[in-house]
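Number 15 in the working numbering belongs to position 15 of the sequence shown; there are no gaps in the numbering.
Quick notes on the structure that follows.
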Amino acid sequence: LYLQDGQNLFDDYAPFGNWAVDKKLAILAEQLHHEVIIVAIDHAKDQRISEFTPSHDTVLGIGDGKKYARFLADTLKPYIDRKFRTKPDRAHTGIGGSSMGGLISLYSAWIYPEVYSKLMVLSPSLWVDPDLISKTSFITDKTPFKLYLYAGLQEGESLITLTNRLEKAILEKAKTGWKASLKKSLEPLGKHNENDWGREFPKALKWLYYEK
1 LYLQDGQNLF DDYAPFGNWA VDKKLAILAE QLHHEVIIVA IDHAKDQRIS EFTPSHDTVL
61 GIGDGKKYAR FLADTLKPYI DRKFRTKPDR AHTGIGGSSM GGLISLYSAW IYPEVYSKLM
121 VLSPSLWVDP DLISKTSFIT DKTPFKLYLY AGLQEGESLI TLTNRLEKAI LEKAKTGWKA
181 SLKKSLEPLG KHNENDWGRE FPKALKWLYY EK
């Protein structure tokens with residue numbers, strides 16, 4: 001599972017909080033859910049926004065998202081598969097992140113459907129590129145995929161509206177034969193922060209990798 005914003009996943013001293021992924025994985029391991037390898041990818045600091053912005057016209061202009069997605073699929077993943085005991089096929093490969101990290105994860109999966117089958121998309125910054133919601137039409141791959149989609153109800157009306165639009169677009173696409181399994185989680189008290197995403201992480205991981 002390739003996760004964005006690696007600086008915020010393990011570090012107790014991260015300035016905006018962290019997901020405590022190591023602690024969550026230890027608890028999951030006690031439940032015999034211990035087989036997933038987490039690849040935490042540090043963001044590029046002052047280049048983070050550009051790196052996570054899709055490479056076409058968006059609210060923030062044209063970003064380097066395509067270059068970043070290509071790096072993940074063509075450079076990082078092959079390296080990880082060589083160095084670690086992975087199951088490299090798409091059926092066992094996931095990608096995820098929150099906020100802008102959720103946006104670039106979604107974008108990466110859209111343009112590399114042959115690489116990823118599991119998507120953990122938490123509070124995605126779809127406001128940057130609302131048109132991405134309707135760009136599912138170019139996907140012709142009929143192999144199944146799973147999407148765990150999360151939003152906190154305290155994150156603002158716009159984020160909730162766009163999240164619901166994404167859900168609707170995927171369900172409509174599924175009617176045409178695109179095999180999509182989607183789980184949407186709305187947290188009434190959820191806010192746009194690392195701690196809330198960390199709380200959601202184990203639920204998302206279990207659904208993506210251990211629930212049929």
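C-beta: ideal position from N, C-alpha, C; glycine also.
Looking only at its chain, what residues have a beta carbon closer than 6 Å to the beta carbon of residue i, apart from the 5 residues adjacent to it on each side?
i: Asp-42; result: Gly-6 and Gln-7
i: Phe-10; result: Val-21 and Asp-22
i: Tyr-107; result: Pro-54 and Gly-65
i: Gly-99; result: One detail in the question is off: residue 99 reads as Ser in this sequence, not Gly. Cβ neighbours of Ser-99 beyond the five flanking positions: Ser-123 and Ser-125.
i: Tyr-213; result: Any answer about residue 213 is impossible in this case: the structure gives the chain only from 1 up to 212.
i: Lys-77; result: none
i: Arg-165; result: Ile-133
From what residue to what residue does the beta strand (DSSP E) around residue i run?
i: Leu-122; result: 118-122
i: Phe-214; result: In this structure the chain extends from 1 to 212, so residue 214 is not present and cannot be described.
i: Lys-146; result: 145-152
Considering residue i, what are the terminal residues of the alpha helix (DSSP H) in which it resides?
i: Gly-198; result: 194-210
i: Lys-168; result: 157-174
i: Ile-49; result: 48-52
Kindly indicate which three-state DSSP category residue i falls into: helix, strand or coil?
i: Ala-73; result: helix
i: Lys-179; result: coil
i: Leu-126; result: helix
i: Leu-132; result: helix
i: Lys-191; result: coil
Starting from the C-beta of residue i, find all residues in its chain whose C-beta is less than 8 Å away, skip the five residues before and the five after it, and write them out in chain order.
i: Lys-206; result: Leu-28 and His-33
i: Ile-111; result: Lys-66 and Ala-69
i: Trp-127; result: Val-59, Ser-158, Leu-159 and Leu-162
i: Trp-197; result: Trp-19, Ser-98, Leu-122, Ser-123 and Tyr-150
Can you list, in chain order, the residues of its chain whose CB lies under 7 Å from that of residue i, leaving out five sequence neighbours each side?
i: Pro-130; result: Leu-162
i: Leu-186; result: Ala-151 and Leu-153
i: Glu-167; result: Leu-149, Leu-182 and Lys-184
**Q.** Residue ranges of each alpha helix (DSSP H) within the stretch 79-114, 4 or longer
**A.** 100-111
Q) Which residue spans inside the stretch 19-46 form an unbroken alpha helix (DSSP H) run of at least 4? A) 21-30
Q.
Across the stretch 51-58 and the stretch 81-95, are there enough close Cβ pairs to call them in contact, namely three or more that are closer than 8 Å?
A. no
Q: Specify whether the stretch 170-182 and the stretch 68-75 touch according to this definition: at least 3 beta carbon pairs, one from each stretch, less than 8 Å apart.
A: no
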